[in-house]
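Here is the structure we will look at.
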Amino acid sequence: MRYYGLKRRINLLIFQFRNLRRQKFECPICDYRGPFMDKATHNGIRRHARCPNCAALERHRLQFLVLREVFREKETAHLRMLHVAPEAFFREFFSQRFGRYETADLKMKSVDHIVDLQHLPFEDNTYDFVYASHVLEHVPDDRKAISEIRRILRPNGMAMLPVPIYSEKTVEFSEPDPHEFGHVRAPGLDYFDRYERYFAKVERFDSGSQPEKYQVFIYRDNSHLSKTEYPWPSPMQCEKLTDVVPVCYV
Ligand SMILES: [Zn+2]
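Per this note's numbering: the sequence shown = residues 73 to 322.
Written as C-alpha cells, this is what we have:
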C-alpha cells in the first residue's frame, strides 16, 4: 500500500482502530484495505465515501477503475492528452502513460492552459484523449463545450466526461445554484445522451459494473432539492445512487 506522510499514517491508524467493526473495502488507487470514511456534506452524510489513506472519493475510485480497464491493453506513450480541472489522484496515472500530458482549467493557476471549454484555443485534431470530470455541470453552454472537445480530438480519439448524477432526468437551472457549488444543471442518467450527437460511440460504465469491495456508489440525500424552486422529478432521499463514467469515442 502507498503511504502519504507520517501524519496521515498516524491518523489512518487511529481511524482504523476506532472503526474495527465497520465494513471493509479496498481502494484501487492506493491499495488501502479497510473501512472508508463517511463524508459530511451540506445535505447530509455520504456513507463509505472517502479513502482514509489517499482521500479519493467514490467517483475517483470508479473513474480510476474505468481508466485502468480502458487503457489496459493500449499503447499510449506516443499520445497527447488534455486533463481539464486536473485532480491530483490521476496526474501520476496520466503523466506516466501519455507522452504529452497537459492540464487546463478556467481558473486554476497551476495548469498549462487557462481555457473556456465553450471556446477552446486549440486547433482541430490536437489531442488523443480529453479528461474532464465534474466540469460540464458548471458550463452554461455545455453542448458547445462538448462539440469543442470533439473538435480538438484526433481520429480514434477518446474523451471521458463524467458529471454528478442527481436523478433520472436532467434539470436545467435558470441561474447557477449557490447551494450546489454554482452548478447550472443537475444532470440525470439521461445526460450522457447529449454526447451521442457529437461522438460515434458512448460507452457507459456504472457503479454496478465494479466489484462491491471498491464501494463506488454514492449515498446521498437529495431530498433538500425539492425545497428549491427547481422542478425536481423525484427527489431522492438517502438513496444509494449509481454513478456513471461515460467513455466517448470519436
Ligand atoms: Zn486510497
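Where is the CB? At the ideal position from N, CA and C, for every residue including glycine.
Just so you know, these numbers come straight off a predicted model, no measurement behind them.
Within 6 Å: the Cβ of residue i and any heavy atom of ligand 1?
i, result
"A176", "no"
"C99", "yes"
"C102", "yes"
"N125", "yes"
Please report how far the alpha carbon of residue i lies from the alpha carbon of residue j, in whole angstroms.
i, j, result
"N91", "P107", "7 Å"
"R223", "P124", "39 Å"
"F166", "D177", "16 Å"
"D265", "L225", "19 Å"
"D249", "H206", "15 Å"
"F97", "K273", "33 Å"
"K216", "L129", "29 Å"
Find the nearest neighbour of residue i within the set the options, judged by alpha-carbon distance.
i, options, result
"I221", "I101, Q95, D196", "D196"
"R292", "A272, G280, S281, D315", "D315"
"M230", "V319, T113, G77, C126", "V319"
"A204", "M153, G171, D213, E275", "M153"
"I218", "A127, Q95, R269, T113", "R269"
Regarding residue i and ligand 2, is the C-beta to nearest heavy atom distance less than 6 Å?
i, result
"A128", "Ligand 2 is not part of the structure shown, which contains ligand 1 as its ligands."
Would you list the one or two residues that DSSP bridges to residue i?
i, result
"M232", "Y203, V319"
"H132", "Partner(s): none; H132 has no beta bridge."
"H191", "D188"
Do three or more CB pairs link the stretch 142 to 150 to the stretch 185 to 196 at distances below 8 Å? They do not touch, by the three-pair rule.
Is the stretch 171 to 185 close to the stretch 156 to 163, with three or more CB pairs under 8 Å? Counting Cβ pairs under 8 Å, three or more are found: they touch.
Between the stretch 112 to 123 and the stretch 77 to 91, do at least 3 Cβ pairs fall closer than 8 Å? Flag = no, the stretch 112 to 123 and the stretch 77 to 91 do not touch.
Taking contact to mean at least 3 C-beta pairs separated by less than 8 Å, is the stretch 271 to 288 in contact with the stretch 129 to 139? yes
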